[in-house]
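Sequence lines, in order, name chains R and F.
Its first residue numbered 64, the first sequence is counted upward by one per residue in the numbering used here.
Its first residue numbered 64, the second sequence is counted upward by one per residue in the numbering used here.
To keep things clear, I will list the structure first and then write my remarks on it.
Protein chains: 2
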Amino acid sequence: MNKMQTLSKNQQIIFDLIDKSSEPLKAYSILFNVQKKGIKAPLQVYRALDKLVELGKIHKIESRNAFIACQNSSCQVSKATAFSICEICEKITEISSASLSKYLRNFKDKDGMKYSKYNLEFFGLCKKCR
Amino acid sequence: MNKMQTLSKNQQIIFDLIDKSSEPLKAYSILFNVQKKGIKAPLQVYRALDKLVELGKIHKIESRNAFIACQNSSCQVSKATAFSICEICEKITEISSASLSKYLRNFKDKDGMKYSKYNLEFFGLCKKCR
DNA sequence: ATTTAAATTGTTATAATATAACACTATGTA
DNA sequence: TACATAGTGTTATATTATAACAATTTAAAT
Ligand SMILES: [Zn+2]
Ligand SMILES: [Zn+2]
Ligand SMILES: [Zn+2]
Ligand SMILES: [Zn+2]
Numbered sequence: 064m065n066k067m068q069t070l071s072k073n074q075q076i077i078f079d080l081i082d083k084s085s086e087p088l089k090a091y092s093i094l095f096n097v098q099k100k101g102i103k104a105p106l107q108v109y110r111a112l113d114k115l116v117e118l119g120k121i122h123k124i125e126s127r128n129a130f131i132a133c134q135n136s137s138c139q140v141s142k143a144t145a146f147s148i149c150e151i152c153e154k155i156t157e158i159s160s161a162s163l164s165k166y167l168r169n170f171k172d173k174d175g176m177k178y179s180k181y182n183l184e185f186f187g188l189c190k191k192c193r
Numbered sequence: 064m065n066k067m068q069t070l071s072k073n074q075q076i077i078f079d080l081i082d083k084s085s086e087p088l089k090a091y092s093i094l095f096n097v098q099k100k101g102i103k104a105p106l107q108v109y110r111a112l113d114k115l116v117e118l119g120k121i122h123k124i125e126s127r128n129a130f131i132a133c134q135n136s137s138c139q140v141s142k143a144t145a146f147s148i149c150e151i152c153e154k155i156t157e158i159s160s161a162s163l164s165k166y167l168r169n170f171k172d173k174d175g176m177k178y179s180k181y182n183l184e185f186f187g188l189c190k191k192c193r
């Protein structure tokens with residue numbers, strides 16, 4: 064049913080880096096980290112990031128211009144994402160809540176418009192920073 | 064109760080431009096449009112934008128790097144925002160739904176973390192583009 | 001096996017978005 | 001007045017992201 068997706072060389076290198084990182088990574092920090100592996104130009108990074116986002120393997124934290132590996136099951140291929148962001152230490156966690164995603168999936172606005180995709184970013188203080 | 068906030072000269076010029084615009088504006092497009100009014104440098108624009116966001120007079124659409132005037136009552140000073148974005152025509156509307164904002168305001172994650180702020184962006188097709 | 005299309009890569013240059021640092025000016029208030 | 005805070009103007013620079021083009025690899029299709 065789910066066609067197994069094989070990542071290309073650059074995609075795999077960049078996914079591995081993001082996946083093993085304990086914090087979201089920015090594009091140019093990724094670039095710096097993969098230069099030893101032969102990826103030399105921003106475009107090579109951005110292309111891989113685009114593809115990985117499209118596949119739902121990573122998500123972009125829009126308010127931070129940073130990328131994090133999906134902590135769920137690729138989030139229905141990246142169509143429904145929610146994050147918790149600590150405004151002090153910048154710890155970012157992907158929220159996995161069935162009730163939240165159900166609520167948002169079914170949300171209709173005043174015009175009856177239904178949405179195919181959403182991104183939600185919550186801000187506050189994490190346990191440690193409170 | 065709400066201290067009436069007087070905008071500074073640059074803040075007022077930039078707010079007026081955004082407020083009368085029918086679509087979200089990007090920083091450098093704002094810069095271009097206010098050069099005849101004597102605002103010449105990016106920093107002057109970004110400083111005014113920062114302040115206007117802080118006051119809740121405008122919001123930043125994170126996924127678009129664009130700014131839109133608040134269509135509600137300054138959204139409790141910018142702490143709770145939700146937008147509808149058409150992926151074809153890029154029409155962007157601020158969503159005002161009591162039930163949505165109540166749901167999100169009260170949302171607690173698994174750790175019992177409560178949030179002081181959120182930003183939600185919905186994507187889909189608007190009436191016209193469907 | 002050969003052809004073809006689609007995806008990926010490599011590379012240079014450049015566009016678009018945003019902030020640092022510093023000197024100065026206006027405004028409010030004690 | 002004197003003091004603090006907020007806002008301004010300016011130059012330079014940092015950060016994020018895409019355009020354009022040529023070559024290569026991969027996966028089907030004949
Ligand atoms: Zn995910
Ligand atoms: Zn924290
Ligand atoms: Zn608003
Ligand atoms: Zn539309």
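Backbone N, C-alpha and C define an ideal beta-carbon position, used for all residues, glycine too.
Opposing strand residues paired with residue i [DSSP bridges]
i        : result
R/Ile151 : BP columns for R/Ile151 are empty, so no partner.
F/Phe146 : F/Glu157, F/Glu184
F/Ala129 : F/Ile124
R/Lys177 : R/Lys171
Terminal residues of the alpha helix (DSSP H) in which residue i lies
i        : result
F/Glu117 : 105-118
R/Asn182 : That residue, R/Asn182, is in no alpha helix (DSSP H); its beta strand (DSSP E) goes 180-187.
R/Lys72  : 72-83
R/Phe170 : Premise fails: R/Phe170 is in no alpha helix (DSSP H) and is neither H nor E.
R/Asn135 : From DSSP, R/Asn135 is part of no alpha helix (DSSP H); its letter is neither H nor E.
R/Ile93  : 90-97
Cα-Cα separation between residue i and residue j, rounded to whole angstroms
i        : j        : result
R/Asp172 : F/Ala132 : 19 angstroms
F/Ser71  : R/Lys103 : 46 angstroms
F/Val108 : F/Gln75  : 11 angstroms
F/Gln98  : F/Ile121 : 20 angstroms
F/Gly119 : F/Lys89  : 17 angstroms
R/Gly175 : R/Lys100 : 50 angstroms
F/Thr69  : R/Pro105 : 43 angstroms
R/Ser126 : F/Arg127 : 10 angstroms
F/Phe185 : F/Ser84  : 21 angstroms
R/Ile124 : F/Pro87  : 20 angstroms
F/Ile77  : R/Ile81  : 39 angstroms
F/Phe95  : F/Glu117 : 23 angstroms
F/Ser164 : F/Ala145 : 8 angstroms
F/Phe170 : R/Phe130 : 24 angstroms
R/Ser179 : F/Ile93  : 31 angstroms
F/Lys66  : R/Leu115 : Unreliable positioning characterises F/Lys66 in this predicted model, as indicated by a pLDDT of 41, which lies under 50. The coordinate reading is nonetheless provided below. Roughly 47 angstroms between the two C-alpha positions.
F/Asp79  : F/Asp113 : 15 angstroms
R/Ala161 : F/Tyr91  : 40 angstroms
F/Lys177 : F/Lys142 : 13 angstroms
R/Gly187 : F/Gly187 : 28 angstroms
Neighbourhood of residue i by C-beta distance below 7 angstroms, restricted to the same chain and skipping five residues each side
i        : result
R/Asn73  : Ile102, Gln107, Ala111
F/Cys192 : Cys149, Ile151, Cys152
R/Met64  : Any reading at R/Met64 must be qualified, since the residue scores a pLDDT of 33, below 50, and its modelled position is unreliable; the value itself is stated next. Nothing listed; no residue qualifies.
Ligand 6 heavy atom lying under 7 angstroms from the CB of residue i
i        : result
F/Lys177 : Among the ligands modelled here, namely ligand 1, ligand 2, ligand 3 and ligand 4, ligand 6 does not occur.
Own chain residues within Cβ distance below 6 angstroms of residue i, not counting five before or after
i        : result
R/Thr156 : Ser147
R/Leu167 : Tyr181
F/Leu183 : Ala145
R/Gln134 : Glu157
F/Lys154 : Cys189
F/Ser159 : Asn135
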